Ligand code: F6P
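Residue numbers (the UniProt record's numbering): 5 to 328.
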């Protein structure tokens with residue numbers, strides 16, 4: 005391999021820039037060229053590439069977002085779109101591709117590999133932490149810190165006014181952000197898609213905590229939770245079924261995806277970039293790099309996306325005990 009391409013795709017996450025920097029510099033270290041591909045698979049189809057040398061990625065390790073931009077490409081889902089992408093890769097003499105993104109992005113990489121035998125390597129970049137084969141996806145740790153910071157601030161006003169706050173955090177299908185940030189932020193209850201607490205039990209629990217002397221409370225709600233009501237309906241339900249609590253809602257939204265990556269995410273991104281490029285150079289393909297037991301390990305892309313990440317049951321128990 006003499007030239008590797010790198011792209012970021014799907015929802016952005018803090019640490020993507022640090023990963024781009026690592027891929028570019030690992031290529032430079034091994035004296036091969038690196039092409040940055042703009043706007044994910046969209047830019048791949050259009051041939052929107054730019055050669056990147058070691059100096060071109062200076063000053064980005066601490067930046068959120070992705071300098072290569074990101075997109076969700078409809079055209080890449082068609083056979084014609086993928087043929088165009090493959091042609092552009094050939095024209096540019098790119099011989100391997102590093103894809104930084106989540107499950108949708110890995111799906112795209114896998115199809116490229118399946119249809120054209122093109123060497124691909126994935127780096128898991130999503131705040132949701134919903135990829136199998138790594139204990140941490142890039143951006144998860146930063147997002148947790150952002151969410152905990154927000155909960156701390158909301159707690160100040162919640163306790164000043166003796167209010168109950170429902171705080172919605174990201175996590176379309178999984179509750180990793182909610183569960184971890186909820187414990188760290190001292191939440192009374194945490195609603196996640198993996199476990200349906202049920203409305204009655206929620207109200208009972210809030211009543212119990214009221215009786216035990218708590219004057220304000222925080223409930224963390226993952227956006228994909230299965231309680232059957234959206235967060236505003238949840239507020240109305242609790243308003244109707246609980247006397248004397250002043251209830252408010254705060255939806256944190258996309259602020260969770262931005263910001264300077266944490267130390268953990270910068271180190272993780274740097275390690276993943278090195279492992280991804282060196283694995284391609286060793287002739288490996290169709291894998292994702294991940295963190296397992298403190299080490300960089302490879303997982304087949306197929307396994308990385310088809311499995312469902314499991315919620316840590318011990319954390320659920322800790323959360324229950326902490327809200328005693
Ligand atoms: O990055 C993953 C995620 O944060 C999900 O938790 C969320 O549902 C989704 O992205 C929203 O992304 P967008 O607004 O870009 O479609």
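Where a beta carbon is used, it is the ideal one built from N, C-alpha and C, also for glycine. Everything numeric in this text was worked out from a predicted model, so none of it was measured.
**Study point:** Close beta carbons around residue 114, own chain, < 6 Å, minus the five adjacent residues each side
**Key:** 305
Point to revise | Bounding residues of the alpha helix (DSSP H) (the contiguous stretch that carries residue 87) | key: 83 to 95
Practice item. Sort 50, 52, 5, 66 by Cα distance to residue 24 and report the nearest one. Key: 66
Exercise for review: Keeping to the same chain, check which residues put their C-beta closer than 7 Å to that of residue 15; ignore five residues upstream and five downstream.
Suggested key: Result list for residue 15: 106, 130, 261, in chain order.
Exercise for review: Spell out a yes or no on whether the segment 275 to 294 and the segment 171 to 181 are touching, meaning 3 or more CB-CB pairs, one atom from each, closer than 8 Å.
Suggested key: no
Practice item. Look at the alpha carbon of residue 147 and the alpha carbon of residue 200, and state the distance between them as a whole number of angstroms. Key: 24 Å
Practice item. Please report how far the alpha carbon of residue 80 lies from the alpha carbon of residue 276, in whole angstroms. Key: 25 Å
Exercise for review: Please name the residue in 94, 182, 31, 128 whose C-alpha comes closest to that of residue 300.
Suggested key: Of 94, 182, 31, 128, the residue nearest in Cα terms is 128.
Review point. What is the DSSP secondary structure of residue 235, counted as helix, strand or coil?
Key: helix
Practice item. Rank 190, 247, 99, 182 by C-alpha distance to the C-alpha of residue 160 and give the top, closest one. Key: 190
**Study point:** Coil, strand or helix - residue 176 by DSSP
**Key:** coil
**Study point:** Counterpart residues of residue 292 in DSSP-defined beta bridges
**Key:** 126, 303
Exercise for review: Please state whether DSSP places residue 279 in a helix, a strand or coil.
Suggested key: helix
**Study point:** Residue environment, residue 184, which counts as buried when at least 16 other CB atoms sit within 10 Å
**Key:** With 16 or more other CB atoms across the displayed protein chains lying within 10 angstroms of its CB, residue 184 is buried.
**Study point:** From 50, 58, 74, 54, residue whose alpha carbon lies closest to that of residue 44
**Key:** For residue 44, the closest of 50, 58, 74, 54 by C-alpha to C-alpha distance is 74.
Check your understanding: In chain order, what residues of the same chain have a beta carbon less than 8 Å from the beta carbon of residue 211, not counting five sequence neighbours either side?
Key -> 246
Review point. Regarding residue 127 and ligand 1, is the C-beta to nearest heavy atom distance less than 7 Å?
Key: no
Review point. Do the segment 161 to 168 and the segment 36 to 51 meet, that is, are 3 or more Cβ pairs less than 8 Å apart?
Key: no
Exercise for review: Look up residue 37 in the DSSP assignment and say whether it is helix, strand or coil.
Suggested key: strand
Practice item. Determine, using beta carbons only, whether residue 11 and residue 47 come nearer to each other than 8 Å. Key: For residue 11 and residue 47, yes; Cβs fall inside 8 Å.
Review point. So is the beta-carbon of residue 227 under 7 Å away from any non-hydrogen atom of ligand 1?
Key: yes
Review point. Under 8 Å, do residue 207 and residue 242 count as touching if we go by C-beta distance?
Key: yes
**Study point:** Rounded Cβ spacing between residue 121 and residue 5 (contact assumed at less than 8 Å)
**Key:** Not quite, the Cβ-Cβ distance comes to about 14 Å (not below 8 Å), so this is no contact.
Review point. Does ligand 1 have a heavy atom nearer than 7 Å to the CB of residue 176?
Key: Under cutoff, so the answer is yes.
Review point. Going by C-alpha distance, which of 209, 31, 258 is nearest residue 326?
Key: Here the closest residue by C-alpha is 209.
Check your understanding: Hey, how far is the Cα of residue 134 from the Cα of residue 197?
Key -> For residue 134 and residue 197, the distance between alpha carbons rounds to 12 Å.
Exercise for review: Excluding the 5 residues preceding and the 5 following residue 104 in the sequence, name in chain order all residues of the same chain whose CB lies nearer than 6 Å to its CB.
Suggested key: 12, 20, 23, 127, 129
Exercise for review: Pick out whichever of 218, 176, 136 has its Cα sitting closest to the Cα of residue 167.
Suggested key: The residue with the shortest Cα to Cα distance from residue 167 is 218.
Point to revise | When 109, 62, 117 are compared against residue 87, the one with the closest alpha-carbon | key: 117
Check your understanding: If you drop the 5 nearest sequence neighbours on each side, which residues of the same chain put their C-beta closer than 8 Å to that of residue 32?
Key -> 38, 57, 58
Check your understanding: Cα-Cα, which of 108, 71, 255, 216 is closest to residue 328?
Key -> 216
Check your understanding: Taking the continuous beta strand (DSSP E) assigned at residue 250, which residues delimit it?
Key -> 250 to 255
Point to revise | residue 257 vs residue 150 beta-carbon contact at 8 Å | key: no
Practice item. Could you tell me the distance, in whole angstroms, from the CA atom of residue 308 to the CA atom of residue 136? Key: 4 Å
Point to revise | Nearest-angstrom Cα separation, counted from residue 315 out to residue 324 | key: Spanning the two alpha carbons is a distance of roughly 14 Å.
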